[in-house]
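For the sequence shown, the numbering used here gives the first residue as 2, with consecutive numbering after it. Backbone N, C-alpha and C define an ideal beta-carbon position, used for all residues, glycine too. None of these values were measured; they are calculated from a predicted model. To keep things clear, I will list the structure first and then write my remarks on it.
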Amino acid sequence: MAAASAVSQGETDRLVTGTPADVSVFGPDIVAKSADLIARYPESRSALLPMLHLVQSVEGYVSQAGVQFCADRLTLSNAEVSAVVTFYTMYKRKPCGEHLVSVCTNTLCAVLGGDAIYRTLQEHLGEDGEPLGQEETSGRPGEPGSITLEHAECLAACDLGPVLQVNYEYYDNQTPESAVELVEALGRGEKPAPTRGAPLTDLRSVELELAGFLPEDEATYRSHVDGPSAAVETLRGAQLAADRGWTAPTMPENPPALPTDESLAGSRISGGEKK
């Protein structure tokens, strides 16, 4: 079991022996934030997704202590919480670096160069001739300049591929060379501006925002979230339609009636199908 486990040896031992996880890492401020989250929902269990982001903002991943904390606060079993953690890829089961670099390797980005970018970063961030593996970290997890690398499924930016994200902010139209320059800058403690999205910060800060906790001061809030949004490429079709005066047809006042079972059956018979 230990050899096949995706979690640490200590957590594997705890699972085998049934020893309760130590949740003391989640201090009074996190307990208060968890109570705030629970109060936002009519059923406490509905707060599980933001609660998992909250515990991930503390440790950089969802440890077994994080699972226990959520289960205790939401009156759920550890199995119920773990089922959610292991379903969604944004919840990590191993400690992450200061930055999470996600390279899109879905079909379009892959053929445009996403696979090459991912392989290049694996080799560049690896050590002793060994490429960095999926969700492995270059540097000590959580320390400044540390980077966790993953390949991601579609990042919904096919018009700007190949793309990658750093802490879920977009860097569009990448090449292996530009991706290497980006991770080198991150390693030096720099925070290059994303192509689109909010100014770059560290992964744990982003996790706190994903949990639903943003600065209350308007100016500070805007400095955290404001940034370029839709790209020129994304809006090109809409702009072309506007320039040429194209509009979508309006819905008629009396739309045609939906087909009935009888009319569909008649259509199949006339088309050569057997009834």
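With distances taken between CA atoms, D173 lies nearest to A157 out of G188, A157 and L187. Its chain contains L53, V56, Q57, V86, Y92, K93 and R94 as the residues whose beta carbon lies nearer than 8 Å to that of V63, once the 5 sequence neighbours on both sides are disregarded; these appear in chain order.
Listed in chain order, the beta strand (DSSP E) elements of length 3 or more contained wholly in the segment 129 to 215 are 137 to 139, 148 to 153, 165 to 167 and 170 to 172. The continuous alpha helix (DSSP H) containing V226 extends over residues E219 to V226. Following the DSSP letters along the chain, one finds L55 inside the alpha helix (DSSP H) bounded by residues L49 to E60. Three or more Cβ pairs drawn from the segment 98 to 111 and the segment 163 to 173 lie within less than 8 Å of each other, which places the two stretches in contact. Here V68 carries a helix assignment [DSSP, helix/strand/coil]. Ranked by Cα distance from G134, the first of E124, R141 and P142 is E124. Per DSSP, the beta bridge partners of S103 are E151 and Q166. Under the 10 Å beta carbon count, Y89 is surrounded by fewer than 16 other beta carbons and is classified as exposed. In the structure shown, the three-state DSSP call for K34 is helix.
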